[in-house]
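Quick notes on the structure that follows.
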Amino acid sequence: MSHHDEWVDRLRSAGQVRDTAIDELRRILVRGLMHALGPRGGGEAFAEDVAQETLLRILDSLESFAGRSRFTTWAMTIAVRIGISELRRKRFQDVSLEQITAGESLSVDPAQDVAESSEKLERRAVVLETLKRLVEQNLTQKQRTVVQADLGGMPIEEIARRLGTNRNAVYKMFHDARAKLKAGFAAAGISAEDVQAALS
Amino acid sequence: MSLSPEQIKNLIDLVAAAKDDQLDCDGCLEHIAEFAEAHLAGHSLSAALKSVQVHLESCGCCRDEFEALLAALTTLDKNA
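Protein sequence lines correspond, in order, to chains A and B. Numbering-wise, my numbering puts 149 at position 149 of the first sequence, and it's gapless, one number per residue. Numbering-wise, my numbering puts 69 at position 69 of the second sequence, and it's gapless, one number per residue.
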């Protein structure tokens with residue numbers, strides 16, 4: 001019997017065997033969570049709460065453990081996601097999308113710049129003008145909002161909560177926006193290297 | 001709202017680093033345990049795990065969670 005099967009079997013059994021397995025797993029999760037999330041503000045009580053929620057979720061979905069990793073690694077991935085999601089939620093609970101975006105649409109202002117050699121300044125101006133045009137013409141309003149909120153430091157998970165959608169959908173919007181801008185630069189004959197060199 | 005010079009630089013970096021990501025965050029979560037073990041053991045990555053790497057390079061939320069996961073697994077290994 002593999003280590004993986006042993007955990008699943010113990011958690012599926014009844015009585016003392018199951019209770020002991022749950023307690024062992026809880027202690028493993030709390031130890032890992034305290035180390036991983038302690039520096040982010042997740043203390044022991046927080047780790048205990050997250051471990052409990054993780055255990056409920058795991059016990060409810062043991063069949064989804066595919067055995068591609070150690071059982072405890074799989075369990076810890078679930079615990080970390082639950083814990084970080086909760087920390088993000090708390091951190092941004094009083095922040096609205098409007099605050100992040102200042103209630104205005106995303107725009108690039110090519111005028112704001114620092115003194116540089118005239119040649120570099122010229123290249124930079126072309127890149128910024130192109131970026132401004134691409135943001136205005138190639139992105140949807142929702143994509144502009146997502147990009148703007150991300151640049152304002154809001155995690156996509158929290159953006160999703162405010163847009164009434166899920167993290168996968170916002171990630172796709174953000175990913176597609178980046179791809180559109182990259183393709184737009186390429187269509188304008190400006191390579192990624194040119195762009196980065198002009199703004200370095 | 002005009003972006004600050006630092007935000008413009010961040011946007012440009014995001015655009016330059018845009019890759020053809022085949023996964024979403026849930027797809028990443030499905031394989032992240034296996035990926036983390038391969039990463040910690042220094043094993044080469046299968047095609048499925050390479051797609052996890054691409055997603056982690058593109059998604060700040062998943063990268064953040066992966067780094068926390070590594071911290072958790074490292075301490076568990078030490079205490080095993």
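For every residue, glycine included, the Cβ atom is placed at its ideal position computed from N, Cα and C. Here the structure is a predicted model, which means the values were calculated and not measured.
Nearest-angstrom Cα separation, counted from residue j out to residue i
i, j, result
"residue 40 of chain A", "residue 165 of chain A", "26 Å"
"residue 139 of chain A", "residue 11 of chain A", "49 Å"
"residue 5 of chain B", "residue 17 of chain A", "59 Å"
"residue 145 of chain A", "residue 36 of chain A", "31 Å"
"residue 125 of chain A", "residue 28 of chain B", "38 Å"
"residue 134 of chain A", "residue 184 of chain A", "6 Å"
"residue 120 of chain A", "residue 197 of chain A", "9 Å"
"residue 79 of chain A", "residue 148 of chain A", "29 Å"
"residue 177 of chain A", "residue 101 of chain A", "17 Å"
"residue 5 of chain A", "residue 170 of chain A", "36 Å"
"residue 1 of chain A", "residue 46 of chain A", "Since pLDDT at residue 1 of chain A reaches only 44, below the 50 mark, its modelled position is unreliable, and the value read off the structure follows with that caveat. Each residue's alpha carbon lies about 34 Å from the other."
Neighbour-count burial assignment, residue i, 16 or more Cβ in a 10 Å radius
i, result
"residue 51 of chain B", "buried"
"residue 58 of chain B", "buried"
"residue 143 of chain A", "buried"
"residue 89 of chain A", "exposed"
"residue 157 of chain A", "buried"
"residue 20 of chain A", "exposed"
"residue 69 of chain B", "buried"
"residue 27 of chain A", "exposed"
"residue 60 of chain A", "exposed"
Chain E within 8 Å of residue i, Cβ atoms only
i, result
"residue 14 of chain B", "Here chain E cannot be found, since the structure's protein chains are A and B."
Residue i at chain B interface by Cβ criterion, 8 Å
i, result
"residue 74 of chain A", "yes"
"residue 51 of chain A", "no"
"residue 8 of chain A", "no"
"residue 130 of chain A", "no"
"residue 185 of chain A", "yes"
"residue 197 of chain A", "no"
"residue 69 of chain A", "yes"
"residue 121 of chain A", "no"
"residue 189 of chain A", "no"
The alpha helix (DSSP H) enclosing residue i, as first and last residue numbers
i, result
"residue 163 of chain A", "156 to 163"
"residue 135 of chain A", "118 to 138"
"residue 182 of chain A", "167 to 187"
"residue 50 of chain A", "44 to 60"
"residue 31 of chain B", "25 to 41"
"residue 19 of chain A", "15 to 37"
"residue 70 of chain A", "No alpha helix (DSSP H) holds residue 70 of chain A; DSSP gives it neither H nor E."
"residue 16 of chain B", "5 to 16"
"residue 57 of chain B", "47 to 58"
Heavy atom of the ligand NAD within 7 Å of residue i beta-carbon
i, result
"residue 31 of chain A", "Among the components modelled here there is no ligand, and therefore nothing to report on the ligand NAD."
Chain A contact for residue i (CB, 8 Å cutoff)
i, result
"residue 68 of chain B", "yes"
"residue 7 of chain B", "yes"
**Prompt:** Which residues, taken in chain order from the region 35 to 48 of chain B, show a beta carbon closer than 7 Å to some beta carbon of chain A?
**Reply:** Per Cβ criterion, the list reads 36 and 37.
**Asked** Just by C-beta distance, which residues in the region 50 to 66 of chain B are closer than 8 Å to chain A?
**Response** Flagged, chain order: 58, 59, 60, 61, 64 and 65.
**Asked** Going along the chain, which residues of the region 27 to 44 of chain A sit with their C-beta nearer than 7 Å to a C-beta in chain B?
**Response** Residues 28, 31, 32, 33, 35, 36 and 37.
**Request:** Would you list, in chain order, the members of the region 126 to 151 of chain A that have their beta-carbon closer than 8 Å to a beta-carbon of chain B?
**Result:** Residues 127, 128, 131, 147, 148, 150 and 151.
**Item:** Residues, ordered as in the chain, of the region 18 to 32 of chain B that lie near chain A by beta-carbon distance below 7 Å
**Value:** For the region 18 to 32 of chain B, the beta-carbon criterion of a distance under 7 Å to any beta-carbon of chain A is satisfied by 18, 21, 24, 25, 26, 29 and 32.
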